[in-house]
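What follows is a set of notes on a single structure, which appears directly below.
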Amino acid sequence: MTDTDTPIFTLRQVAAATGWNLGTMRDHFVKGVFPWHEGDGKARVAGSTSLLSLRAAIRLGIAFQLWSLGVSPKNAFKAATTFTDFGTAPSSNEFGLSRLAGNIFPDGYDTILLWRPGQGARVMPTDEGGFVNINQFICAPFSGESGPVALVRVEDVVEAVMAALLPDGDFPAA
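Under our numbering, think of the first position of the sequence shown as 4, with each following residue one higher.
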């Protein structure tokens, strides 16, 4: 069984699983657009292999989806960390649900990541297959940048990345 924080996947594997072009993704790491997180296996010597964890792969998968919707790579990566690196308190949503960092909300609820320029990202639950109540997020006063909201259903990304990287169903321990 694999855990979510052990760096075992190559950049090539993660790029293929998430949709990023390998050269672009590698360049984003080199230029600091995508910062290395603690636990990632950054190559210590030029030419050696860098390894990423499942958590890092999911972070990059969410970032790719946001980038596909027009969010800059740097902002998309930062927004993705809202899901992978931070949990959700019950007081932050109308359902009173909590979740641990990198985990989706319980069955019966979809896990949605919303992003808006100048306001960052928020992870919230919605009734499975239901409507997203984004009023409290998008009606907040504009501060600086404005623009469209980007919305990603996190389950879709998590399932696709895990299916690509763990095809034999060697899913992580809880």
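Where is the CB? At the ideal position from N, CA and C, for every residue including glycine. Note that this is a predicted model, so its numbers are computed, not measured.
Looking at residue j and residue i, is the spacing between their C-beta atoms short of 7 Å?
i	j	result
D113	T129	yes
A20	A167	yes
A124	A163	no
E97	G111	no
T7	G105	yes
Between residue i and residue j, which are expected to be in contact by the criterion C-beta below 8 Å, what is the C-beta distance as a whole number of angstroms?
i	j	result
W118	L69	6 Å
I11	L54	6 Å
F86	V157	6 Å
V36	K77	5 Å
P109	L116	Not quite, the Cβ-Cβ distance comes to about 17 Å (not below 8 Å), so this is no contact.
With a threshold of 6 Å on Cβ separation, who are the neighbours of residue i within its own chain once the five nearest residues in sequence on each side are excluded?
i	result
A153	L69, L72, V74, W118
M28	A18
K45	W39, S53
D88	A104
P151	none
Closer than 7 Å by C-beta to residue i: which residues in its own chain qualify, once you throw out the five before and the five after it? Chain order, please.
i	result
V161	I61, I107
T9	S56
T84	R62
H31	F37, P76
In the structure shown, what three-state DSSP assignment does residue i receive?
i	result
F12	strand
L54	strand
T7	coil
L154	strand
G123	strand
G35	coil
D130	strand
G64	helix
G90	coil
G44	strand
Output needed for residue i: all residues of its chain with C-beta closer than 8 Å, excluding positions within five of it in sequence on either side, in chain order.
i	result
A177	Bear in mind that a pLDDT of 47 at A177, under 50, signals an unreliable position, so the model cannot answer this.
Would you give the residue range spanned by the beta strand (DSSP E) that residue i belongs to?
i	result
R119	112-119
Which first and last residues belong to the alpha helix (DSSP H) in which residue i is found?
i	result
P76	76-87
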